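Asks: Sharing a structure with you now.
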DNA sequence: CTGAGTTCGGAAATCGTTTGCCGAGAGGTT
DNA sequence: AACCTCTCGGCAAACGATTTCCGAACTCAG
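Residue numbers (this note's numbering), protein chains in the order written: chain H, 69 to 396; chain U, 69 to 396.
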């Protein structure tokens, strides 16, 4: 593991008997160079095991060909899925996508933004941790580089936004459930997340709009543990049947698991719906859920990032996936 | 969104009436500076909204205080969990952890390593995509910076390794199953992954060792879809009962879901075990699985990365989590 | 044969920060 | 008073690449 100083362009230039300008031009293809000379440079670079220092390049050039993604938590499978699709969307472009996890903390989130800004990224994609308290992070990002918010947003910022129509998503769930049974006969409970994030907020609003302002709400976070907890509370209150509209698939999966383990039947006793459309194939019964068009959203982000347009907001339309946790 | 040129140290120095050397020393705390002068610098930096350019700093300093993590796929929840725990392990250090997804491609993986090396990271953590074909990526990384392989490894490289003892993990499963019932009476099927990665390889070897060299094996990939597919094949062959030892929790979850949807009972007809210990609370019955000590492993990585020791390999001991998919 | 146009290599400035060195001034000791 | 030791600001040289500018060589038409 003993390491010697890495070769620089000057070393390559010396070995090839040319100037560093020529080396740079050969290696980055910036300008035409005599083929024989180019060959000598390539050989020398190979012999010295030369690898470019992107710090030097980035410092000199205006652009680093890098996009940063700051997300709240990798263990939320929806965020992981977004990250993966985004990575794939950038895979065959010249741009590198780098990720940073904010660990659900606005302090760490700001640190991530600072870090990427300091690295002179060309653009920043942000899934804000908090609807209000991430304002500093978003503003900081947007003040320096092209910034796109994904899935969640901080209202009133100059940054673009790409997400799904939560109102329409909840409407799909409502219409599906209403088509199958009389909703008034079956008590509906919304198992959501406290409206700290815009998605949690919008889903709660949408539920109140479509299911009635007085719908029963249990608010926690986006986790399977909370789904279990909520189901447990519901059963503790004596419920023996009902409909659980959940704000995320992980919540729904946890809720279903708890209901089943308590001896209830799904969907006969309890109907459960999820949201996001990731990992629906993990459980039995498979989840009825609202699928977000993540590939399309990732492509939209990629296009926004390279475009020169002004900030804009785009809401994409989700689709309903009918699984086994709701009547067919 | 109109942006003006960002302020540099020279701008701050001019406004504060000092030299850039002093600005640098105040802002990075490298050397003592007269308090009054320091105050002037801080004020000037604030007024100009100065933000450091890490490219310049990194170029001048030897170190960038950055560690890169290249992983195969974010949608594999075990990798996401590792990423998250690693991020947390670095959260209160000075070091930034940046992630790059290789999208299960060795080409993209090499690109990720190149990218991080070019950015002069201080260390690289690698979950290799392929046991053999990632050799180039690992060698490239290890030839330039301190490199640690995580979870999977490429044999015969100079890089360190942190992972779990797969042999012991499978032994835990074997002993647990053997304690509850006569294994010879119940056909055991290993639902694993083709041995492209060291973890898949080692788990397959361990299964052959503990369950017998002639144990029935179905090999696919680390996904829920494969778990469903494997279960489907098994049922297609006429099985009505048995034991499924799976190479990962996602595989096990998929298998359980398919078995249940086909009308079989778990664990009465089929016993199923997983591996990894992430997301066991998502399903019902909850998975019996081998839990990897991810927090401890993440801490070990962090320590390896900052230490000056030579390359080393550490295997951690997994624990058994008994869930509802196997007899109590 | 000459002047215009084109191609292409090299010298040197530049990106933003850190840091080795120098020197000025302060403080202490004999 | 002479000398030594600290402390701390500034100058200028790095770090490693890109790029502007210049000029040499070559092509080609008239």
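C-beta atoms are modelled at their ideal positions from N, C-alpha and C, and glycine is treated no differently.
The structure displayed is predicted, hence computed values, not measured ones.
1. Assuming residue 215 of chain H contacts residue 192 of chain H under a Cβ cut-off of 8 Å, what Cβ separation, rounded to an integer in Å, is found between them?
2. Where do the N-terminal and C-terminal ends of the beta strand (DSSP E) with residue 225 of chain H fall, by residue?
3. Could you check whether residue 123 of chain H and residue 187 of chain U sit closer than 8 Å to each other, using their CB atoms as the reference points?
4. Spatial neighbours of residue 332 of chain H within its chain, please: C-beta separation below 7 Å, excluding the five flanking residues on both sides.
5. Note down, in chain order, every chain H residue with its Cβ under 8 Å from the Cβ of residue 88 of chain U.
6. Identify, in the order they occur along the chain, each residue of the same chain with its Cβ nearer than 8 Å to the Cβ of residue 275 of chain U, setting aside the five sequence neighbours on each side.
7. Does the beta carbon of residue 98 of chain U fall short of 7 Å from some heavy atom of the ligand HEM?
8. Applying the criterion that 16 or more other CB atoms from any shown protein chain within 10 Å of the CB defines a buried residue, is residue 393 of chain U buried or exposed?
9. Determine, using beta-carbon pairs with one atom in the segment 219 to 236 of chain H and one in the segment 374 to 389 of chain H, whether at least three such pairs fall under 8 Å.
10. I'd like to know whether the C-beta of residue 270 of chain H is nearer than 8 Å to at least one C-beta of chain U.
11. Output the residue ranges of the beta strand (DSSP E) runs that lie fully inside the segment 85 to 170 of chain H and measure 3 residues or longer, sorted by chain position.
12. In angstroms, rounded to a whole number, what distance separates the CA positions of residue 296 of chain U and residue 154 of chain U?
13. Of the residues that make up the segment 352 to 364 of chain H, which ones have a beta carbon closer than 8 Å to any beta carbon in chain U?
14. With DSSP run on the structure shown, which of helix, strand or coil describes residue 313 of chain U?
15. What three-state label does DSSP hand residue 220 of chain U in the structure shown?
16. Can you pull the DSSP bridge partners for residue 232 of chain H?
17. Give me the chain U residues within the contact set of residue 159 of chain H, using Cβ-Cβ distance strictly less than 7 Å, ordered along the chain.
18. Distance check for residue 327 of chain U and residue 401 of chain U, CA to CA, integer angstroms please.
19. Could you pull the DSSP bridge partners for residue 192 of chain U from this structure?
20. Ignore the nearest five residues each way along the sequence and tell me which others in residue 69 of chain H's own chain have a CB closer than 8 Å to its CB.
21. Should residue 345 of chain U and residue 360 of chain U be called a contact, given that it needs their Cβ atoms to be closer than 8 Å?
22. Could you round the C-beta distance between residue 280 of chain U and residue 317 of chain U to whole angstroms and report it? I think they count as a contact, below 8 Å.
23. Are residue 267 of chain U and residue 201 of chain U close, meaning C-beta to C-beta below 8 Å?
24. Could you compute how far the alpha carbon of residue 181 of chain H sits from the alpha carbon of residue 75 of chain H?
25. Measuring only the C-alpha atoms, how far is residue 37 of chain H from residue 263 of chain H?
26. Select from U:235, U:242 and U:253 the residue whose C-alpha is nearest the C-alpha of residue 270 of chain U.
27. In this structure, how does DSSP classify residue 338 of chain H when only helix, strand and coil are distinguished?
28. Please identify the residue among H:233, H:300 and H:137 whose C-alpha is closest to the C-alpha of residue 411 of chain H.
29. Along the chain, where does the beta strand (DSSP E) containing residue 273 of chain H start, and where does it finish?
30. From the DSSP output, in three-state form, read off residue 355 of chain H for me.
31. Where do the ends of the alpha helix (DSSP H) carrying residue 76 of chain U lie?
32. With a threshold of 8 Å between beta-carbons, can residue 78 of chain U be considered close to chain H, or not?
33. Suppose the cutoff is 8 Å on Cβ atoms and the five residues either side in sequence are ignored; what does the same chain contact list for residue 384 of chain U look like?
34. Do residue 81 of chain U and residue 91 of chain U have their C-beta atoms closer together than 8 Å?
35. Pull up the distance between the alpha-carbon of residue 172 of chain H and that of residue 319 of chain H, whole angstroms please.
36. Whose C-alpha, out of U:357, U:370 and U:218, is nearest the C-alpha of residue 386 of chain U?
Replies: This is what the structure holds:
1. What you label residue 215 of chain H is simply residue 147 of the first chain in a count that begins at 1. What you label residue 192 of chain H is simply residue 124 of the first chain in a count that begins at 1. Sure, about 5 Å apart at Cβ, within 8 Å.
2. By one-based count along the first chain, residue 225 of chain H stands at place 157. Residue 225 of chain H -> no beta strand (DSSP E), and no H or E assigned at all.
3. Reading the second chain from its first residue, position 119 is the one you call residue 187 of chain U. Reading the first chain from its first residue, position 55 is the one you call residue 123 of chain H. Yes, the pair counts as a contact, with Cβ atoms nearer than the cut-off.
4. Locating residue 332 of chain H in the first chain gives position 264, where the first residue counts as 1. Excluding residues within five positions, the ones whose Cβ falls inside 7 Å are 338.
5. In the second chain, counting from the first residue as 1, residue 88 of chain U sits at position 20. By Cβ distance, chain H contributes nothing, its closest Cβ being about 15 Å from residue 88 of chain U, past 8 Å.
6. As a working mapping, residue 275 of chain U is identified with position 207 in the second chain. Taken in chain order, the residues that qualify are 238, 258, 260, 283, 285 and 313.
7. Summarising the ligand content, the structure contains no ligands, and the ligand HEM is consequently not present.
8. Stepping through the second chain from its first residue, residue 393 of chain U is reached at position 325. Looking at its Cβ environment, which holds 16 or more other Cβ atoms inside 10 Å, residue 393 of chain U is buried.
9. yes
10. One-based indexing of the first chain puts residue 270 of chain H at position 202. Not one chain U Cβ lies under 8 Å of residue 270 of chain H.
11. 134 to 139 and 164 to 169
12. Counted from its first residue, the second chain places residue 296 of chain U at position 228. Counted from its first residue, the second chain places residue 154 of chain U at position 86. Whole-angstrom Cα-Cα distance: 31 Å.
13. 352, 353 and 354
14. In the second chain, the residue the question calls residue 313 of chain U occupies position 245. Looking at residue 313 of chain U - three-state DSSP - the assignment turns out to be strand.
15. By one-based count along the second chain, residue 220 of chain U stands at place 152. Coil at residue 220 of chain U, not helix or strand.
16. As a working note, residue 232 of chain H is residue 164 in the first chain. BP columns for residue 232 of chain H point to H:384.
17. Mapped onto the first chain, residue 159 of chain H falls at position 91. Going along chain U in sequence order, the residues near residue 159 of chain H (Cβ under 7 Å) are 171 and 176.
18. No statement about residue 401 of chain U is possible, as the shown extent of chain U runs from 69 to 396 and does not include it.
19. Within the second chain, the letter at position 124 stands for residue 192 of chain U. Answer by DSSP bridge pairing, in chain order: U:136 and U:215.
20. Translated into positions along the first chain, residue 69 of chain H becomes position 1. Its pLDDT being 44, under 50, residue 69 of chain H is placed unreliably in this model, and the value from its coordinates should be taken loosely. So the list is empty, once near-sequence residues are dropped.
21. Taking the second chain and counting its residues from 1, one reaches residue 345 of chain U at position 277. Taking the second chain and counting its residues from 1, one reaches residue 360 of chain U at position 292. Cβ atoms of residue 345 of chain U and residue 360 of chain U: closer than 8 Å.
22. Locating residue 280 of chain U in the second chain gives position 212, where the first residue counts as 1. Locating residue 317 of chain U in the second chain gives position 249, where the first residue counts as 1. With a Cβ gap of about 24 Å, residue 280 of chain U and residue 317 of chain U do not count as contacting.
23. Along the second chain, read from residue 1 onward, the residue named residue 267 of chain U stands at position 199. Along the second chain, read from residue 1 onward, the residue named residue 201 of chain U stands at position 133. No, these two residues do not count as a Cβ contact at 8 Å.
24. Numbered from 1 along the first chain, position 113 holds the residue referred to as residue 181 of chain H. Numbered from 1 along the first chain, position 7 holds the residue referred to as residue 75 of chain H. Looking at the two C-alpha atoms, the distance is approximately 32 Å.
25. Any question about residue 37 of chain H goes unanswered here, given that chain H covers just 69 to 396.
26. Stepping through the second chain from its first residue, residue 270 of chain U is reached at position 202. Nearest C-alpha to residue 270 of chain U: U:235.
27. Start at 1 with the first residue of the first chain, and residue 338 of chain H comes out as number 270. Here residue 338 of chain H sits in strand by DSSP.
28. Since the first residue of chain H shown is 69 and the last is 396, residue 411 of chain H is not available in this structure.
29. Mapped onto the first chain, residue 273 of chain H falls at position 205. Where residue 273 of chain H is concerned, there is no enclosing beta strand (DSSP E), although the alpha helix (DSSP H) it sits in stretches over 266 to 279.
30. Within the first chain, numbered from 1, the residue matching residue 355 of chain H stands at position 287. Of the three classes helix, strand and coil, the one that applies to residue 355 of chain H here is coil, per DSSP.
31. In the second chain, the residue the question calls residue 76 of chain U occupies position 8. Unbroken run through residue 76 of chain U: none, as it is neither H nor E.
32. Reading the second chain from its first residue, position 10 is the one you call residue 78 of chain U. Not an interface residue.
33. On the second chain, position 316 is the one that residue 384 of chain U refers to. Once the five neighbours on either side are set aside, the close Cβ partners of residue 384 of chain U are 230, 231, 232, 233, 360, 361, 364, 365 and 368.
34. Along the second chain, read from residue 1 onward, the residue named residue 81 of chain U stands at position 13. Along the second chain, read from residue 1 onward, the residue named residue 91 of chain U stands at position 23. Taking 8 Å as the Cβ cut-off, residue 81 of chain U and residue 91 of chain U qualify as a contacting pair.
35. As a first step, residue 172 of chain H is located in the first chain; it is residue number 104 there, counting from the start. As a first step, residue 319 of chain H is located in the first chain; it is residue number 251 there, counting from the start. For residue 172 of chain H and residue 319 of chain H, the distance between alpha carbons rounds to 17 Å.
36. Position 318 of the second chain, counted from the first residue, corresponds to residue 386 of chain U. Cα-wise, what sits closest to residue 386 of chain U is U:357.
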